[in-house]
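Residue 155 in the working numbering is what sits at position 76 of the sequence shown, and the numbering runs on without skipping anything. Input: a single structure, listed below in structure tokens.
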Amino acid sequence: MIFCVHSIKFKNDDMKIIAPRVHGFIDYILVVFLLLSPTLFGMTGLLANLTYALGAVHLLLTIFTAFSLGLIKIVPFPIHGLIELVVGIALIICAFTLFRTETFGHFYYAGLGIVILLVWLLTDYNNKEV
């Protein structure tokens, strides 16, 4: 791996199968899922509050990203990707710290972190389509 200022590049970008527009749809679907999760799964307390906050922050990030589905194009798409990488790792850490004794919260946040990291891994953040 070679670290670049705005993104992380791999030697083989063939695995980057998610285009920016598709990534945008995934982001908006994720936001809806996050905002509905506390009600759908009966979350309460910290688990619910953190999930609502994550949904709101992800909505703002998506709205402010400079790609085809962003509304106020301020955040460069590669920076959006870097933020998602950090968030994915942070969610997995939360699963094993904050929610280690709460079975649903543990699996919910571990799974969410893994999904975000997979989307990050498969997204072409350097695509000029943005």
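For glycine and all other residues, C-beta sits at the position ideal for the given N, C-alpha and C. Owing to the predicted nature of the structure, the values given are computational and were not obtained by experimental measurement.
C-beta atoms of residue i and residue j nearer than 7 Å
i    : j    : result
F146 : V154 : no
N206 : P99  : yes
G134 : V110 : yes
G184 : L115 : no
L119 : T130 : no
I97  : L164 : no
G190 : I171 : no
Y188 : C173 : yes
G103 : L148 : yes
V198 : I105 : yes
Start-to-end residues for the alpha helix (DSSP H) that takes in residue i
i    : result
I142 : 124-142
G184 : 182-201
F156 : 156-175
Helix, strand or coil at residue i according to DSSP, with G and I counted as helix
i   : result
I97 : strand
Cβ-Cβ separation, residue j to residue i (assumed contact under 8 Å), whole Å
i    : j    : result
I162 : L140 : 6 Å
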